[in-house]
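Mind the numbering: the sequence shown is residues 1 to 314 in the numbering used here, read in order. Idealized CB from N, CA, C, for every residue including glycine. Everything numeric in this text was worked out from a predicted model, so none of it was measured. Here the structure comes first, spelled out in structure tokens, and everything after it is commentary.
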Amino acid sequence: MDFRAKKSLGQNFMVQEKVLNKIVAYANLSAGDRVLEIGSGTGNLTRYMLAKGCEVVCVEKDDRLFEAFAKEFEKELESKQLRIVHADVMRWLAQRDQVEREGRGDGEGKPQLRKFDKVVANLPFNITTDLLKFLLPRCNSLFRPAQDSLSAEPSGDVYLLLQDEAAHRLCNCSVGDANYRAMNVLVDCFCSGREYLFKIDRKAFFPAPNVDGAMVHFKIMPHERALSLSSGAHEESAGTGISAKQFHTFVNQCFSRRRKMVKNNIPSNMYEGEAVATAMESLSLKPETRPQDMSCKDFLALLHKLRAIKEGSG
Ligand SMILES: C[S@@+](CC[C@H](N)C(=O)[O-])C[C@H]1O[C@@H](n2cnc3c(N)ncnc32)[C@H](O)[C@@H]1O
């Protein structure tokens, strides 16, 4: 396929065979794996995943690419090894949520409710943060239990090509680091593992972006485990009743002014100052604590405590 790439859609296609081989090798793909590919573009990566025997669902926003892709992969679409959805991936994910919430659809029969083993994507760099916010809390609705496990818990692997700097920040930044942000807290909360896999020279993309890329891996946890106060794999989890959305909103609020103290970032219409002081003290968090000094567990415990105080049980 021959196209003029759209910058607004982050169209930097992966054209180096060596890198494409490396991506599928690191993603540990095998026959029968159900893979969601975000932004299939001209199908460069799709082709390699199909050759591994994976069942692939692609979500592509660009009208021209969607049509050309459908022609190019006619045979695979016919055999149902491949499906393509013409949509903005964030909208598509939100629609799936709605279908699940309303109990519509009959699971296997409805492509939009299909569950996956892996997400693999050469992401448009400009949607990385928004997409992760959508993906990380969606383990339960997006993934199926691992096929080689006795557990019925959904389990998901997400392999993404990101801007190198973002990849480092997301995988290698910890509590206390200057670059530790709300996004790091969400990654720590919803993932049982995160790994920077390898750097990709900008010349491997066409057109070449102004920055290098990198491949990362996130192992996503089910909600119940992610949002419990003891999320070890074998621990009995103390349920918090906190939803992914509530946690997300709270963490973002605490980081609203990154250099300020947490207590000054929580508005009184959310939680009274006195309640914040009491909750922090009971958790041995100093009053002057700043958001970058708090771990995911600290945020979760703080929110849990604040809710208990508000409900009169804390
Ligand atoms: C970096 S290119 C990768 C294309 C192809 N996978 C490859 O590796 O060559 C990103 C692709 O995502 C598509 N895209 C951009 N924003 C999107 C969105 N919100 N939802 C779905 N696809 C999107 C672009 O049109 C483009 O095809």
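query = Any heavy atom of ligand 1 within a distance shorter than 7 Å of the CB on Ile-200?
reply = no
Inter-residue spacing [alpha-carbon to alpha-carbon] between Ser-268 and Asn-21 = 53 Å
request  = State the Cα-Cα distance for the pair Lys-52 and Ser-79, rounded to the nearest angstrom.
outcome  = 15 Å
key: Closest Cα partner of Arg-34 within the set Ala-178, Ser-174, Arg-144 and Asn-265   = Arg-144
message = Can you tell me where the beta strand (DSSP E) holding Gln-163 begins and where it ends?
response = 156-163
request  = Could you pull out every residue in the same chain whose Cβ sits closer than 7 Å to the Cβ of Ser-141, ignoring the five residues on either side in sequence?
outcome  = Arg-96, Asp-97 and Glu-100
query = Between Lys-199, Ile-127, His-168 and Phe-134, which lies nearest to Lys-245 when the distance is taken from Cα to Cα?
reply = Phe-134
inquiry  = Output needed for Arg-290: all residues of its chain with C-beta closer than 8 Å, excluding positions within five of it in sequence on either side, in chain order.
reply    = Arg-258, Arg-259, Lys-260, Met-261 and Val-262
query = Rounded to a whole number of angstroms, what is the C-alpha to C-alpha distance between Pro-222 and Val-120?
reply = 19 Å
query = Expressed to the nearest angstrom, what Euclidean distance is found between the alpha-carbon atoms of Ile-220 and Asn-28?
reply = 16 Å
request  = Would you list, in sequence order, the uninterrupted beta strand (DSSP E) runs of no fewer than 3 residues that lie entirely inside the segment 191-267?
outcome  = 191-200 and 213-220
inquiry  = How far does the beta strand (DSSP E) with Arg-83 in it extend, from its first residue to its last?
reply    = 82-86
ask   = On the three-state DSSP scale, how would you describe Val-15?
value = coil
key: Option in Asn-12, Pro-209 and Arg-4 with minimal Cα separation from Leu-45   = Asn-12
task = Would you mind working out which of Tyr-159, Asn-210, Leu-150 and Leu-186 sits nearest Glu-165, comparing C-alpha positions?
result = Asn-210
message = Please tell me whether, using a cut-off of 7 Å, the distance from the CB of Asn-12 to the nearest non-hydrogen atom of ligand 2 is below it.
response = Only ligand 1 can be found as ligands here, which leaves ligand 2 out of the picture.
task = Go through its chain and collect everything with a Cβ distance to Gln-163's Cβ below 6 Å, but skip five positions before and after it.
result = Phe-125 and Val-211
message = Let me check understanding here. Comparing Cα to Cα, which of Glu-17, Leu-161, Pro-154 and Ala-208 lies closest to His-217?
response = Leu-161
inquiry  = So the candidates are Glu-74, Leu-113 and Leu-136; which of them puts its Cα closest to the Cα of Leu-227?
reply    = Leu-136
query = Which whole-angstrom value is the C-beta distance of Val-175 and Met-294, which I expect to be below 8 Å?
reply = 7 Å
key: Under 8 Å between C-beta atoms of Phe-247 and Leu-300   = yes
query = Comparing alpha-carbon positions, which option in Glu-17, Gln-81 and Leu-303 lies nearest Gly-239?
reply = Leu-303
inquiry  = Looking only at its chain, what residues have a beta carbon closer than 8 Å to the beta carbon of His-234, apart from the 5 residues adjacent to it on each side?
reply    = The predicted model places His-234 with a pLDDT of 45, which falls under 50 and marks its position as unreliable; any figure quoted below should be read in that light. None.
query = Over what stretch of residues does the alpha helix (DSSP H) that includes Cys-139 continue unbroken?
reply = 139-142
ask   = With 16 other CB atoms within 10 Å as the buried threshold, where does Glu-102 fall?
value = exposed
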